[in-house]
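*Asks:* The following block contains the structure, expressed as C-alpha cells.
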Amino acid sequence: MKIQKLLKVSAAIVMIAIIASVFSLVMLNLAVSEEREASSTQLELERQATQLLRASDYLTDQAQSFVQFGEQQYFNNYWEEVNETKRREEAIERLEVLGVSEEHFQILSQAQAESNALIDVEEEAMALASAGDYDSARQLMFGDVYMQQKEKITSLTESFIEAIENEAASTTLAATEEAEIWMMVVYVSLITLVIVIIFTFLALGKKIKGLRIITDKLTELATSEGDLTSRVDVASKDEVGEIATSFNTFVDKVRRIVVDLAAVSETVAASSEELTATTDESNRAASDVARVMTEISDGAENQANDTTRGAEEIAQLGERIDTDIVLMKELNEATEQMNSQVQQGLAAVNALNKASKDNVKVSISVEEIILDTNESVTHIEKASGMILNIAEQTNLLALNAAIEAARAGESGKGFAVVADEIRKLAEESRTFTDQIMKVIQHLTEKTDRAVELMREARGIVDIQNKSVESTTTQFQQLNTIIESVKDRAIQLQESAHIMNQQKETVVEVISNLSAISEENAAGTEEVASTVEELNASIEDIANASESLAKQAEDIQAQINQFKY
1 MKIQKLLKVS AAIVMIAIIA SVFSLVMLNL AVSEEREASS TQLELERQAT QLLRASDYLT
61 DQAQSFVQFG EQQYFNNYWE EVNETKRREE AIERLEVLGV SEEHFQILSQ AQAESNALID
121 VEEEAMALAS AGDYDSARQL MFGDVYMQQK EKITSLTESF IEAIENEAAS TTLAATEEAE
181 IWMMVVYVSL ITLVIVIIFT FLALGKKIKG LRIITDKLTE LATSEGDLTS RVDVASKDEV
241 GEIATSFNTF VDKVRRIVVD LAAVSETVAA SSEELTATTD ESNRAASDVA RVMTEISDGA
301 ENQANDTTRG AEEIAQLGER IDTDIVLMKE LNEATEQMNS QVQQGLAAVN ALNKASKDNV
361 KVSISVEEII LDTNESVTHI EKASGMILNI AEQTNLLALN AAIEAARAGE SGKGFAVVAD
421 EIRKLAEESR TFTDQIMKVI QHLTEKTDRA VELMREARGI VDIQNKSVES TTTQFQQLNT
481 IIESVKDRAI QLQESAHIMN QQKETVVEVI SNLSAISEEN AAGTEEVAST VEELNASIED
541 IANASESLAK QAEDIQAQIN QFKY
C-alpha cells in the first residue's frame, strides 16, 4: 500500500473514531442529563403526591379536631385549606405539568373523587358540630364509613406514588443503561483511535526505511565526484519506490547525456586540430603566393625600367638593332618565366580556394556538433528541473509530515524525526541539482562562446573566399596581359629587321610596352596587398581554431568530473 493511501485510510479511520467519540460523548452527556432529569422528575412527583396525601390528611385532621373539641380555629383552618391554600389542586396541576401518564392520572383522579366525597362528609359533620350536635358529627367523622373512604384515598394515593416511582425508576434505569452504552462506545472509539495511530506510525516507519537508502545513495553520489554508475535498490511499490525508480532513471539519462557529450567534445577537439592544421597549410600557401607576387612585382619593375631606357635610347636604335633583337629575345624569355610564375600562382590560389572550401565544410560540421552539444546540455537542464521538482515535492511531503507529527504531540516525535530526515533528503537533492545546474550553465556559456567563434570563423572564411576569388581574377588578368606581352615580344622579334624603316612605330610600341609594364607593376602590387589580407584572414582563422580547441578542452574537463 502506498504511503498516501495508508495516510488517507488511517486519517479516515481516525476521523471516524474521533467523530464517534465526540458523538458518543454528546449522547453520553444527553443520557446523563436524561438520567438526572428523570431522578429530579421522580423526586418532584413523589413530593407532589406526598403533598396531595398530606393535604387530604390535614383536612381530615382539622375536621376531626373541630367536631371533637369544637374550637373555631380548626374550622377556619379547614376552610382556609379548601378555599385559599388549595394544596391538593396545586399538586394535581403540578402533576399534570410533569407529564404523568394517563393510566397513572386515572388513579389520581379516583383518589381526588374519593377525597371530594370525603369533603362532603366532613362539611356535613362540621355543620352538625356547629349546630351543637357533636355526637352525630363525631359519628360521621370517626365512623367506619369515613375511615374506609379515608383508607381508600390513602391506598389510591400510595398506589399512585408507587406507580410513578416505578415509572421514574424505569426511566432512570433506561437512561443509566443508555449512558453506560455510550460510555462503552467512547471507550471503544478511543481504543480504536490509539490502535490506528500506533499501526500508522509502525507502518510509516517501515515504509520510510527506504528513504534512508535513497539518502545514502544521494550522499554517495554527491561525495564521489559525480559517480553516475550508482543505483538505488528499493523494491517497494509505494512513493519511496517511485522516488527510487525516478532516481535510477534520472541517473541513467544523465549518464547517457554525459557519454554523448564526451563523444561530441572529442569530435570538436579533433575537428579543431584538423582546422588548425588546415589554417597552417593555408598560411604557408599564402606565404608562397606572397613570395611569388614579390618576384612578379620585381620582374614588372625591371620590365618598366627596360622599356623606359628603350624609350630614352630610341634615337640610337639605328645602330643598336642587333642589340635590341637580343633584348627582345631576353624579353620573350622573361615573359615565359613570368607566365610560368603566374601559372604557379594560379595553381596556388586554386589550392587555397579548395582549402578554404574545405575549411567552410569543417566549420559547418564543428558548428553542428557544438549545436548538438548545446541541445544535449538543454536535455541535462530539463532533467535537472525534474529532480528539482522531485526535491520540492519531497520537501512539501516532509513539511506535511512534520505538521501531522506536531499535531500528534508526544506520540509524533518519532514521526517528526522521519519527517526531518525527508526534509534533509530534499535539501541534499536541491544542493546536488544546483551543482548540476552550475555545470550546465558553464557548459552552456562555453558552447555559446564556441558557436559565436565558429560564426566569426565562418565570416572570416567568407572574406578569405572573396579574397581568393579576387586574387584568382587578378592572376587571370595578369596572365592575359603576360600573354599579350608575349605576343608583342614575338612580333617585335619578327619585326626587328625592319626597325630601321619603322623607328616611329617601334617608339610607339615601346611606349605602349612601358604603359603595360606600369599596369603590370600596379596589378602585382594590388595582388600582393590582397595576399597580405588573405594571410591576415588565415591567421584570424588559426586564432579562432585555437580558441575552439581550448573551449573543447574546457568542455572535456567539465565532463571528466563525472564517473560514467
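Take the sequence shown: its letters are residues 1 to 564, numbered as in full-length UniProt numbering.
The C-beta atom is built at its ideal place from N, Cα and C for all residues, glycine as well.
#1: Rounded to a whole number of angstroms, what is the C-alpha to C-alpha distance between Asn543 and Glu526?
#2: According to DSSP, is Lys354 helix, strand or coil?
#3: Taking the straight line between their C-alpha atoms, what separation do you get for Gln170 and Ile153?
#4: Note down the Cα distance separating Ala12 from Asn395, rounded to an integer number of angstroms.
#5: If you draw a straight line from the alpha carbon of Glu177 to that of Leu45, how long is it in whole angstroms?
#6: State yes or no: is the C-beta of Ala168 within less than 8 angstroms of the C-beta of Gln73?
#7: Are Thr530 and Ser467 closer than 8 angstroms when you measure CB to CB?
#8: Quick one: measure Cβ to Cβ for Arg94 and Gln48, integer angstroms, because I've assumed they're closer than 8 angstroms.
#9: Helix, strand or coil, according to DSSP, for Ser155 in the structure here?
#10: What is the DSSP secondary structure of residue 581, counted as helix, strand or coil?
#11: Please report the distance separating the alpha-carbon of Ile498 from that of Asp487.
#12: What would DSSP say about Ser101, mapped onto helix, strand or coil?
#13: The alpha helix (DSSP H) that contains Asn83, what's its start and end?
#14: I'd like to check one pair, Leu193 with Ile18: are the Cβ atoms closer than 8 angstroms?
#15: Taking its Cβ as the centre, do 16 or more other Cβ atoms sit within 10 Å of Asn535, making it buried, or is it exposed?
#16: Whole-angstrom Cβ separation of Gln464 and Ser537, contact assumed at under 8 angstroms?
#17: Going by the CB atoms, is the gap between Leu28 and Glu122 shorter than 8 angstroms?
#18: What is the rounded straight-line gap between the Cα of Gln112 and the Cα of Ser33?
#19: So, helix, strand or coil for Ile463, using DSSP?
#20: So, at 8 angstroms on beta carbons, what are the nonlocal neighbours of Val82 in its own chain, with the 5 sequence-adjacent residues on each side left out?
#21: If you count every other CB in all the chains shown that lies within 10 Å of the CB of residue 565, and 16 or more means buried, which is it?
#22: Rounded to whole angstroms, what's the CA-CA distance from Ala557 to Ile214? Just pull it up for me.
#23: If you count every other CB in all the chains shown that lies within 10 Å of the CB of residue 587, and 16 or more means buried, which is it?
#24: Going by DSSP in three states, Glu381 sits in which element: helix, strand or coil?
#25: Taking 7 angstroms as the limit between beta carbons, can you name the residues of its chain near Gln51, skipping five residues before and five after?
*Replies:* From the atom records:
#1: Translated into the one-based positions of the sequence shown, residue 543 becomes position 543. Translated into the one-based positions of the sequence shown, residue 526 becomes position 526. Spanning the alpha carbons of Asn543 and Glu526 requires a straight line of approximately 26 angstroms.
#2: The sequence position of residue 354 within the sequence shown is 354, counting from 1. Reduced to three states, the DSSP call for Lys354 is helix.
#3: Translated into the one-based positions of the sequence shown, residue 170 becomes position 170. Translated into the one-based positions of the sequence shown, residue 153 becomes position 153. Residue identity check: residue 170 is Ser in the sequence provided, not Gln. Approximately 25 angstroms, taken between the alpha carbons.
#4: As a first step, residue 12 must be located in the sequence shown, where it is residue number 12. As a first step, residue 395 must be located in the sequence shown, where it is residue number 395. Approximately 24 angstroms between the Cα atoms of the pair.
#5: For the purposes of this step, residue 177 is identified with residue 177 of the sequence shown, where counting begins at 1. For the purposes of this step, residue 45 is identified with residue 45 of the sequence shown, where counting begins at 1. Cα to Cα, the separation comes out at about 22 angstroms.
#6: Locating residue 168 in the sequence shown gives position 168, where the first residue counts as 1. Locating residue 73 in the sequence shown gives position 73, where the first residue counts as 1. No, the pair does not count as a contact, with Cβ atoms beyond the cut-off.
#7: What you label residue 530 is simply residue 530 of the sequence shown in a count that begins at 1. What you label residue 467 is simply residue 467 of the sequence shown in a count that begins at 1. Result yes, Cβ atoms of Thr530 and Ser467 sit closer than 8 angstroms.
#8: For the purposes of this step, residue 94 is taken as the residue at position 94 of the sequence shown. For the purposes of this step, residue 48 is taken as the residue at position 48 of the sequence shown. Cβ atoms of Arg94 and Gln48 come within 8 angstroms of each other, at about 5 angstroms.
#9: Start at 1 with the first residue of the sequence shown, and residue 155 comes out as number 155. Helix.
#10: Residue 581 lies beyond the range of the chain shown here (1 to 564); nothing can be said about it.
#11: On the sequence shown, residue 498 is found 498 positions in, with the first residue counted as 1. On the sequence shown, residue 487 is found 487 positions in, with the first residue counted as 1. Cα to Cα, Ile498 sits roughly 18 angstroms from Asp487.
#12: Reading the sequence shown from its first residue, position 101 is the one you call residue 101. Shown here, Ser101 sits in coil according to DSSP, grouped into three states, outside any helix or strand.
#13: Counting from 1 along the sequence shown, the entry for residue 83 is found at position 83. Annotation for Asn83: no alpha helix (DSSP H) segment contains it, and DSSP assigns it neither H nor E.
#14: Here residue 18 refers to the residue found at position 18 when the sequence shown is read from its first residue. Here residue 193 refers to the residue found at position 193 when the sequence shown is read from its first residue. Yes, they are a contact pair.
#15: Working through the sequence shown from its first residue, we reach residue 535 at position 535. So Asn535 ends up on the buried side.
#16: The residue given as residue 464 occupies position 464 in the sequence shown. The residue given as residue 537 occupies position 537 in the sequence shown. Yes, Gln464 and Ser537 are in contact; Cβ-Cβ is about 4 angstroms, under 8 angstroms.
#17: On the sequence shown, position 122 is the one that residue 122 refers to. On the sequence shown, position 28 is the one that residue 28 refers to. No, the pair does not count as a contact, with Cβ atoms beyond the cut-off.
#18: Here the question's residue 112 lines up with position 112 in the sequence shown. Here the question's residue 33 lines up with position 33 in the sequence shown. Near 33 angstroms, if we compare the C-alpha coordinates of Ser33 and Gln112.
#19: Locating residue 463 in the sequence shown gives position 463, counting from the first residue. In the three-state DSSP reduction, Ile463 falls in the helix class (H, G or I).
#20: Here residue 82 refers to the residue found at position 82 when the sequence shown is read from its first residue. Same-chain partners within the cutoff: Leu59 and Ile119.
#21: Look at the range of the chain in this structure, 1 to 564, and you will see that residue 565 is not part of it.
#22: Residue numbering aside, residue 557 sits at position 557 when the sequence shown is read from its first letter. Residue numbering aside, residue 214 sits at position 214 when the sequence shown is read from its first letter. Pairing Ala557 with Ile214, the inter-Cα distance amounts to about 29 angstroms.
#23: Any answer about residue 587 is impossible in this case: the structure gives the chain only from 1 up to 564.
#24: Residue mapping note: residue 381 aligns to position 381 of the sequence shown, counting from 1. For Glu381, the three-state secondary structure derived from DSSP is helix.
#25: Here residue 51 refers to the residue found at position 51 of the sequence shown. Correct list, in chain order: Arg87 and Ala91.
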